[in-house]
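Undergrad: Reading the sequence shown from the start, the letters are residues 14 to 454 in the working numbering.
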Amino acid sequence: MAEPSERADNRPLADRLRPSRLDEFVGQAHLLAPGKPLRVAIERGNPHSMVLWGPPGTGKTTLAKLIAEYCNAQFLSLSAVLAGVREIREAVEKAQSLWREQRRQTVLFVDEVHRFNKAQQDAFLHYVEDGTLILVGTTTENPSFVLNNALLSRLRVYVLKALASDDIGLIIEHALADERKGLGGRAIQVGVELRKQLARIADGDARRALTFLEIAADLAESRDGDIDSALGEVMTGGVRRFDNGGDIFYEQISALHKSVRGSHPDAALYWFARMLDGGCDPHYVARRVLRMASEDIGNADPRALRIALDAWECYERLGSPEGELAIGQAIVYLACAPKSNAVYKACQAAAQDAREGGSLEVPLQLRNAPTELMKQLGHGKDYRYPHDEANAYAAGESYFPVELGERRYYHPAQRGLEIKIGEKLDYLRGLDQKSGSHEVE
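1. With a 10 Å radius around its C-beta and 16 neighbouring C-beta atoms as the bar for buried, classify Gly292 as buried or exposed.
2. What's the C-alpha gap between Gly443 and Gly435?
3. Looking at the unbroken beta strand (DSSP E) that takes in Tyr171, where does it start and where does it end?
4. Just the C-alpha distance for Ala175 and Glu369, rounded to the nearest angstrom, thanks.
5. Tell me, please, which residues DSSP counts as bridged to Leu89.
6. Please say whether Leu26 and Leu173 have beta carbons closer to each other than 8 Å?
7. Tell me whether Arg102 counts as near the ligand ATP, meaning its Cβ is closer than 7 Å to at least one heavy atom of that ligand.
8. Between the Cα of Lys73 and the Cα atoms of Trp284, Arg316, Arg31, which residue gives the shortest distance?
9. Using three-state DSSP, classify Glu154 as helix, strand or coil.
10. May I have the straight-line CA-CA distance separating Pro295 from Ser307, to the nearest angstrom?
11. For Glu192, does the three-state DSSP call read helix, strand or coil?
12. Under 8 Å, do Arg380 and Gly371 count as touching if we go by C-beta distance?
13. In chain order, what residues of the same chain have a beta carbon less than 6 Å from the beta carbon of Ala405, not counting five sequence neighbours either side?
14. Give a yes or no on contact between the region 406–425 and the region 343–358, applying the rule of three or more CB pairs nearer than 8 Å.
15. Going by CA-CA distance only, name the one from Val247, Arg220, Tyr283 that's closest to Thr71.
16. For Ala229 and chain D, any beta-carbon pair shorter than 8 Å?
17. In whole angstroms, give me the CA-to-CA distance for Val94 and Lys194.
18. What three-state label does DSSP hand Glu374 in the structure shown?
19. Please classify Glu106: does DSSP put it in a helix, a strand, or coil?
20. With three or more C-beta pairs closer than 8 Å as the rule, is the region 180–189 touching the region 36–44?
21. Just to confirm the assignment, what range does the alpha helix (DSSP H) spanning Val205 have?
22. Given Gln87, which residues of its chain have a CB within under 8 Å of its CB, disregarding the five upstream and five downstream residues?
23. Please report the straight-line C-alpha distance between Arg128 and Arg102, rounded to a whole angstrom.
24. For the beta strand (DSSP E) that contains Leu65, what are its first and last residues?
25. Bridge partners of Ile147, per DSSP?
26. Hey, out of Gly204, Val205, Ala222, whose CA is closest to Ala212's CA?
27. Is it true that the region 316–328 meets the region 296–304, where meeting means three or more beta-carbon pairs spaced less than 8 Å apart?
28. Along the chain, where does the alpha helix (DSSP H) containing Phe225 start, and where does it finish?
29. Any chance the region 261–281 sits against the region 343–351, with 3 or more Cβ pairs inside 8 Å?
30. For Asp366, which three-state DSSP category applies?
31. List the whole-angstrom C-beta distance separating Asp135 from Ser92, where the pair is believed to meet the contact cut-off of C-beta under 8 Å.
32. What is the rounded straight-line gap between the Cα of Ala243 and the Cα of Asp290?
33. What separation, rounded to the nearest whole angstrom, lies between the Cα atoms of Pro17 and Pro60?
34. Give the DSSP-derived three-state secondary structure of Leu51 in the structure shown.
35. In the DSSP assignment, find the alpha helix (DSSP H) that holds Thr75 and state where it starts and stops.
36. Quick one: Cα of Gly67 to Cα of Thr151, how far?
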């Protein structure tokens, strides 16, 4: 076997196999199919500044290089992890010099552009605006969260999707057949089923598939060509896409929450399993489940809150993996429970009145009077003690500030226990109406 240093090209397989023409690009048909605006712009040599947003291994870097190639532009590359304002200025000077001397444009490729802070992002504004640079940034994060508005307004955002297994299968097939840049000259045979398995394990990431394939090929050469065994070892423990604290993280917790809210225990369990599989801290899920119990079930089934708390406490005591079962149990219970967001909406409405109403005073009859002076000032005067009233209810009494008047925030849903709560409140309001002193705004 040839040592890596003896090979003509020491670049990783994924880099060697980058397509040099748009027709060789696999995937992203929604952007690059014939007639699509981005493809037309590239083929006509009319590039524009953009952000390529998508998961790893979907062709963002390759697409940036193709844009420069088709437009006969200089390709400069910066990593936002390592570069700063000085490197940006140097790139600008190179671009200005090239335009003065050759009338050629410059594509500045910025990998992980979301890593730049606001000042660094602002350094691009003028040069993107006047066309000195064609900025092509890549990010795995939502651009609307990580790029400032001034820069974002000057860029077109393109969303790249994770590659389908069939797309990755084509890339694997090409890698095995290409004798010049791929593995075609190494007499490696990979069965159809094993190729399909590799495509699935890659989980939408072409770079991962090619990396696994190259490692397995090197390993197989040291084992008399047993690629099947080598590839099986390399693929063991493939990791699904999950970026703790990133977009995929929040997309999955959103899917879990919406599955519970939608009364679908099976889907809720699937997203719970996906998050655990990706390395999510179960404490975080337990905390969110507790929120769901209050926000989406509320008083329709108050037991849900206690069950969510018990599950969290159970996990605290047992840890993983035993304690995860208790969280799963709570998720199933919440998904099957009657739903009501009445308390959630009531809290929001009350908070709005509190914000907009200013510092309204507490009515005198509701104030405590622990001192003689406070009694003389009328604190607590005319307060009606409900336990001394019929039905233990002071019909017609108001508990709001006088300036605010009566309000009704809480509207129980006709589900679960809130049916009974609603009936009770309707009865009490009937007593208020009989007293003739309650008007709700």
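Backbone N, C-alpha and C define an ideal beta-carbon position, used for all residues, glycine too.
Here the structure is a predicted model, which means the values were calculated and not measured.
TA: Taking the geometry as given:
1. exposed
2. 12 Å
3. Boundaries of the beta strand (DSSP E) harbouring Tyr171: 169–172, taken from the DSSP string.
4. 46 Å
5. Leu121
6. no
7. As presented, the structure is devoid of all ligands, the ligand ATP included, so that no description of it is given.
8. Arg31
9. coil
10. As the crow flies, the alpha-carbon of Pro295 is around 19 Å from that of Ser307.
11. coil
12. no
13. Pro399
14. Yes: at least three Cβ pairs fall under 8 Å.
15. Arg220
16. Here chain D cannot be found, since the structure has a single protein chain.
17. 29 Å
18. Glu374 sits in coil when the DSSP states are folded into three classes, being neither helix nor strand.
19. helix
20. yes
21. 205–215
22. Ala81, Lys107, Ala108, Leu111, Arg117, Gln118, Thr119, Val120
23. About 17 Å.
24. Taken as a continuous stretch (DSSP letters only), the beta strand (DSSP E) holding Leu65 covers 63–66.
25. Val120
26. Ala222
27. yes
28. 219–234
29. yes
30. helix
31. Not really, about 19 Å apart at Cβ, beyond 8 Å.
32. Taking the CA atoms as reference points, Ala243 sits about 24 Å from Asp290.
33. Note that Pro17 has pLDDT 42, beneath the 50 cutoff, so the model's placement of it is unreliable and no number is given.
34. helix
35. 73–83
36. 8 Å
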